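A.B. asks:
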Amino acid sequence: MKQGFEKYQPFQPVNLPDRKWPNHVIEKAPIWCSVDLRDGNQALVNPMNLDEKLLFFKTLVDIGFKEIEVGFPSASETEYEILRALIDRNLIPDDVTIQVLVQAREHLIRKTFEAIRGAKNVIIHFYNSTSTLQRKVVFRTDMQGVVDIAVEGARLIRQLTEAEVAKSGANIRYEYSPESFSGTEMDNAVLICQRVLEELGATPEKKVILNLPNTVEMSTPNTHADQIEYFCRHLKGRDSAIISLHPHNDRGTATAATELGLMAGADRVEGTLFGNGERTGNADIMNVAMNMYSQGIDPKLDFSNMKKIREVYESCTEMKVGERHPYAGELVFTAFSGSHQDAIKKGLDYSKEHDSEYWEIPYLPLDPADVGRDYEPIIRINSQSGKGGAAFIMQQNFGYQLPKGMQPEFGATVKAACDAAGREIQPDEIFALFEKEYLLLRKPYHLKSYKLNEENDVDAHTVVHFEGNLRFHHEDHTIQGNGNGPIDAFFNALRTIGVTDYQFNSYQEHAVSLGADSKAISYIQLSAPDGSAVYGVGLDHNISLASIKGIICAINRWENQHQASI
Ligand code: KIV
Ligand code: ZN
359 MKQGFEKYQP
369 FQPVNLPDRK
379 WPNHVIEKAP
389 IWCSVDLRDG
399 NQALVNPMNL
409 DEKLLFFKTL
419 VDIGFKEIEV
429 GFPSASETEY
439 EILRALIDRN
449 LIPDDVTIQV
459 LVQAREHLIR
469 KTFEAIRGAK
479 NVIIHFYNST
489 STLQRKVVFR
499 TDMQGVVDIA
509 VEGARLIRQL
519 TEAEVAKSGA
529 NIRYEYSPES
539 FSGTEMDNAV
549 LICQRVLEEL
559 GATPEKKVIL
569 NLPNTVEMST
579 PNTHADQIEY
589 FCRHLKGRDS
599 AIISLHPHND
609 RGTATAATEL
619 GLMAGADRVE
629 GTLFGNGERT
639 GNADIMNVAM
649 NMYSQGIDPK
659 LDFSNMKKIR
669 EVYESCTEMK
679 VGERHPYAGE
689 LVFTAFSGSH
699 QDAIKKGLDY
709 SKEHDSEYWE
719 IPYLPLDPAD
729 VGRDYEPIIR
739 INSQSGKGGA
749 AFIMQQNFGY
759 QLPKGMQPEF
769 GATVKAACDA
779 AGREIQPDEI
789 FALFEKEYLL
799 LRKPYHLKSY
809 KLNEENDVDA
819 HTVVHFEGNL
829 RFHHEDHTIQ
839 GNGNGPIDAF
849 FNALRTIGVT
859 DYQFNSYQEH
869 AVSLGADSKA
879 ISYIQLSAPD
889 GSAVYGVGLD
899 HNISLASIKG
909 IICAINRWEN
919 QHQASI
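So in our numbering the end of the sequence shown lands on 924, straight run, no missing numbers.
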C-alpha cells in the first residue's frame with residue numbers, strides 16, 4: 359500500500375456542469391426528522407435507558423419535531439421495549455409520526471411490524487447499502503443483487519402494511535434509504551430508488567420518502583449538492599417522492615452539506631440535536647434551524663429554551679455541548695476583545711436610540727434572548743478587553759453610566775487588575791475595583807459634615823453658603839465659602855485652606871437604583887494642578903452632596919497619585 363496521503367483517492371464528483379442549485383436560496387423550513395433516538399443513540403458509549411429516551415422524546419416533541427425516529431426495534435430488545443412503552447403509555451401526540459428503522463431483511467421487517475402495533479402514525483424506514491465500496495468489499499455482489507434486496511424488502515413491507523392498515527387503520531408511510539448514497543454511482547442510486555418507488559406504489563398523493571444518506575461524508579458540500587440535484591433531475595416520478603437528506607459530519611461540513619442539499623431540491627432533513635451521531639456525528643438540526651432563524655425564516659422548531667434542551671441532551675447522552683458550539687455553547691455570545699465589546703455596546707445603544715425593527719448588532723448574529731440567554735455574559739472582562747467592556751459591565755450590571763471620557767482611566771484600572779490576576783474578572787470584582795478607586799477614598803481629604811444654605815440677594819441672585827468639617831492632615835478643619843451654586847461654594851471654601859490649583863471642567867449625573875433605594879451619582883472632571891484631567895465620583899441621596907463628594911474624590915485621586923507622602 360502507498361504511504362501517507364498518497365494512499366487516499368480523491369472523490370469523483372458527479373458531472374453536472376449546468377447545476378442550478380447555486381442560484382437558489384433557502385426560503386422555508388424543510389420537514390425535519392430527528393434521529394437522535396436511533397442514529398444518535400447507537401453512537402453513544404452508554405446508550406440511553408428507557409427513562410432517558412422517554413425524556414428525550416418529550417423534549418423533541420416540545421421543540422416541535424413532527425417526525426421522530428425512535429429506534430431500530432428489530433435489532434435490540436431495549437429498543438423494542440422503548441417503542442412499546444411509547445405506544446402503550448400513549449406518549450405519542452396525534453400529530454407526531456414515529457419512525458422505525460429496519461434493514462431490508464425479511465425476519466427483521468416482520469419483527470418491526472410487531473413492534474409498531476397500536477401506533478397511529480408510523481414511517482417504516484428500510485435500507486440497504488448500495489455503495490460501490492460496500493458492494494465490492496462487504497457484499498461482493500453486483501448492483502442487481504443490491505436492487506433485488508431493496509425490491510424484495512419493499513414488496514414485503516407493502517404487503518404487511520396493507521394488512522396492518524386493513525386491521526387497525528394505522529397511518530403507515532414508507533421511507534427507503536440507499537445507504538451510502540453519496541458513495542454510490544448516481545445512475546445506480548436513481549435506478550434502485552425508482553424500482554423501490556414502483557414496488558411501493560408511490561403516487562403524488564402517497565409519496566414515499568427517499569432518504570439519501572451521506573453515510574460517510576467524503577466530499578466538499580457543493581459536490582453533495584450536485585449529487586442531490588442530479589438525483590432529483592433524473593428520478594422518474596420525482597413528484598411521488600419526498601427527498602430527504604441524511605448528512606454525516608466526517609469532514610466537519612454537515613451543516614453546509616445540508617444547506618446546499620436543500621438548495622439543490624431536498625424537502626426533508628434527518629439529523630440530531632447538537633450533531634450527535636456515529637463517529638463525527640449527524641447533521642446538527644439545531645444549527646441548521648437556527649441558521650434559518652437568523653436569516654428571518656421560521657424554522658418551525660423552537661430553541662428558545664436552549665439551556666433546558668442542552669441540559670436534557672447532556673444528561674441523557676453523557677455528551678457535552680462545546681463552549682463554542684454555534685448558538686448553544688457557553689461562550690458563543692461572549693466578547694472578550696475590546697474592539698468587539700465596543701462595537702456591540704454601540705450597536706445596542708444605537709438599537710435603543712432608534713428603536714430598530716431589525717437585529718443589527720456587530721459580532722452578534724443572533725439576539726441571545728432568542729435562545730433564552732441574557733445580555734449579561736455577552737461582555738466578559740479579561741486582559742484583552744478594552745475600556746468599553748468595563749463600562750458596559752458597570753452599566754449593564756449596576757446601572758452606572760460612566761462618561762465617555764472616564765472610560766479609558768477606569769478601563770486601565772480593570773485591565774491592570776486582570777493582568778495582575780492572570781484571569782478573567784467577574785462583574786462583582788469590577789464593581790469592587792470601582793468602589794476602591796472612586797467611592798471609598800477618604801484621604802487626604804474627607805468631608806465629615808456639611809451645611810448648605812441658599813439665599814436670594816436683593817437683585818434676586820441665588821447665593822449658596824457652604825460650611826463643612828473637612829478632615830485633612832489628620833486634623834478637622836471648618837471651612838466656609840459662598841458661591842452661585844453648591845459646587846462653586848465648595849470650591850470657594852477649599853480656596854480658604856489653600857486648595858486653589860484645581861479647575862472644574864465638567865459634570866454628569868444620573869440616578870442609580872440600589873435595590874429599593876435610589877441615589878444620585880455624579881461624575882466630576884477637574885483640571886489638576888499639572889493641567890491633566892482627573893475624574894471623581896460621588897454617590898449620595900442628596901444630589902448636591904453627590905457633586906461635592908465627586909470633587910473631593912477627584913482631588914484625592916490626583917493627590918494620591920502625585921503626592922505619595924501625604
Ligand atoms: O447514515 C446512514 O446511512 C444511516 C442509514 C441507516 C439511513 O443512518
Ligand atoms: Zn446515519
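Quick reminder that beta carbons are idealized off the backbone N, C-alpha and C, glycines included.
Quick caveat: nothing in here was measured; it's all calculated off a predicted structure.
1. Judging by CA-CA distance, which residue of G511, L570, L514 and K565 is the nearest neighbour of E537?
2. Smallest Cα separation from E587: which of L884, N900 and R377?
3. Mind pulling the alpha helix (DSSP H) runs of 4 or more residues that sit fully within the segment 575-632?
4. Could you please give the first and the last residue of the uninterrupted beta strand (DSSP E) stretch that includes A641?
5. Quick one: grab the DSSP three-state call for L689.
6. Give the straight-line distance between the Cα atoms of F539 and A774, rounded to the nearest whole angstrom.
7. Count Cβ pairs between the segment 666-679 and the segment 424-441 that sit closer than 8 Å; are there 3 or more?
8. Around the C-beta of M899, are 16 or more other C-beta atoms found within 10 angstroms, so that it is buried, or is it exposed?
9. Can you name the start and end residues of the beta strand (DSSP E) that Q838 belongs to?
10. Starting from the N-terminal side, write out each stretch of the beta strand (DSSP E) that is 3 residues or longer and does not extend beyond the segment 419-496.
11. From the DSSP output, which residues share a beta bridge with A878?
12. Report all residues from its chain with a CB closer than 6 Å to the CB of G680; omit the five preceding and five following residues, and keep chain order.
13. Does S489 have its Cβ less than 8 Å from a Cβ in chain D?
14. From what residue to what residue does the beta strand (DSSP E) around N814 run?
15. Measuring CB to CB, does I945 end up less than 8 Å from I702?
16. To the nearest angstrom, how far is it from the Cα of E946 to the Cα of G757?
17. Would you kindly work out how many angstroms separate the C-alpha atoms of F824 and H868, rounded to a whole number?
18. Quick one, which of I445, M621 and H804 has its alpha-carbon nearest P388's?
19. When the Cα of S902 is compared with those of G843, V857 and R915, which residue comes out closest?
20. What residues come near the ligand ZN, if near means a beta carbon less than 7 Å from any of its heavy atoms?
21. Does the Cβ of N407 lie closer than 7 Å to at least one heavy atom of the ligand KIV?
22. Can you tell me whether Q361 is helix, strand or coil according to DSSP?
23. Look at the alpha carbon of V548 and the alpha carbon of T490, and state the distance between them as a whole number of angstroms.
24. For P371 and Q759, I'd like the C-alpha separation in whole angstroms.
25. What are the start and end residues of the beta strand (DSSP E) that includes V821?
26. Give the C-beta separation of P579 and A524 to the nearest angstrom, bearing in mind that I take them to be a contact with Cβ-Cβ under 8 Å.
27. Out of G422, E533 and E425, state which residue places its alpha-carbon closest to the alpha-carbon of C551.
28. Quick check: the Cα distance between T581 and N572, rounded to an integer number of angstroms?
29. In this structure, does DSSP put P380 in helix, strand or coil?
30. Helix, strand or coil for N569? Go by DSSP, reduced to three states.
31. Compute the minimum distance between the beta carbon of S535 and the heavy atoms of the ligand KIV, and state whether it is under 7 Å.
32. Tell me where the alpha helix (DSSP H) around P785 begins and ends.
33. Our contact map puts L412 next to A443 with C-beta atoms below 8 Å; I'd like the distance itself, whole angstroms only.
34. Run through DSSP, which three-state label would V548 get?
35. Looking at the secondary structure, which residues open and close the beta strand (DSSP E) in which S526 lies?
36. May I ask you to check if the CB of N486 is nearer than 7 Å to at least one heavy atom of the ligand KIV?
C.D. replies: According to the data block:
1. L570
2. R377
3. 579-592 and 612-621
4. Here A641 belongs to no beta strand (DSSP E), and DSSP marks it neither H nor E.
5. coil
6. 58 Å
7. no
8. Before going on, a small fix: residue 899 reads as His here, not Met. The residue is exposed, with fewer than 16 neighbouring Cβ atoms inside 10 Å.
9. E833 to G841
10. 425-429, 455-461 and 479-487
11. A869 and D898
12. G687
13. No chain D appears in the structure shown, which is made up of a single protein chain.
14. H804 to N814
15. Lying before the first or after the last residue shown, residue 945 is absent from the chain, which here runs from 359 to 924.
16. Nothing about residue 946 can be read from this structure; the chain reaches only from 359 to 924.
17. 23 Å
18. M621
19. G843
20. V393, D397, P571, T573, H604, H606, G635, E636 and N640
21. no
22. coil
23. 14 Å
24. 59 Å
25. T820 to F830
26. No, P579 and A524 are not in contact; Cβ-Cβ is about 44 Å, not under 8 Å.
27. E533
28. 11 Å
29. helix
30. strand
31. yes
32. P785 to F792
33. 7 Å
34. helix
35. No beta strand (DSSP E) contains S526, which is instead part of the alpha helix (DSSP H) from M501 to S526.
36. no
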